[in-house]
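Below: the structure, in structure tokens.
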Amino acid sequence: MPINRRYPLESLMAACHRYVEKTGRRISFEYALMRGVNDSAQHAELLVDLLMGLRCHVNLIPLNPIPNSPYQPSHEEDVARFQKILTAAGIPTTVRLRRGIEINAGCGQLRQAVQQPELIPLLNAR
């Protein structure tokens with residue numbers, strides 16, 4: 001995440017490689033896809049470069065729609081393209097199913113409703 005300042009990416013990835021070497025286990029990464037922010041083919045290629053040679057699995061998680069958020073869910077075709085690029089590079093991926101969004105109970109939606117209950121009508125208007 002671009003907001004991370006405490007643990008540089010290089011240090012994190014070095015720790016991931018050490019973990020896999022010592023345990024023989026794979027690492028799972030959660031990648032939240034946000035339309036126009038981190039879901040392009042170029043972003044997928046950068047992720048491939050970062051993870052190449054690391055025993056891992058990537059869970060691709062399309063963002064849930066949240067009213068008044070500057071971030072929107074990726075389009076299905078962009079998610080599929082992103083997954084195809086990772087898979088073609090030999091990186092196992094799963095696209096997480098989005099559950100509960102039709103009743104505003106998806107990840108992030110409930111928090112929004114609790115913190116800003118005035119937005120509940122906006123959520124229900126979809």
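Taking UniProt numbering, the leading residue of the sequence shown gets 1, the next gets one more, and so forth.
Don't be surprised by glycine CBs; every beta carbon is placed ideally from N, CA and C.
- The criterion of a C-beta distance shorter than 9 Å is satisfied by H57 and T94.
- For N68, the number of other beta carbons within 10 angstroms of its own is below 16, and it is reported as exposed.
- By the criterion of a C-beta distance shorter than 7 Å, Q83 is surrounded in its chain by L60, T93 and V95, once the five residues flanking it on both sides are discounted.
- Counting C-beta pairs with one atom in each stretch, the stretch 64-81 and the stretch 27-37 have three or more that are closer than 8 Å, which means they touch.
- Annotation: the continuous alpha helix (DSSP H) that includes L9 extends over L9 to T23.
- A residue is called buried once 16 or more other Cβ atoms fall within 10 Å of its Cβ, and P8, having fewer, is exposed.
- In its chain, beyond the 5 residues on either side, P73 have a beta carbon closer than 6 Å to the beta carbon of P65.
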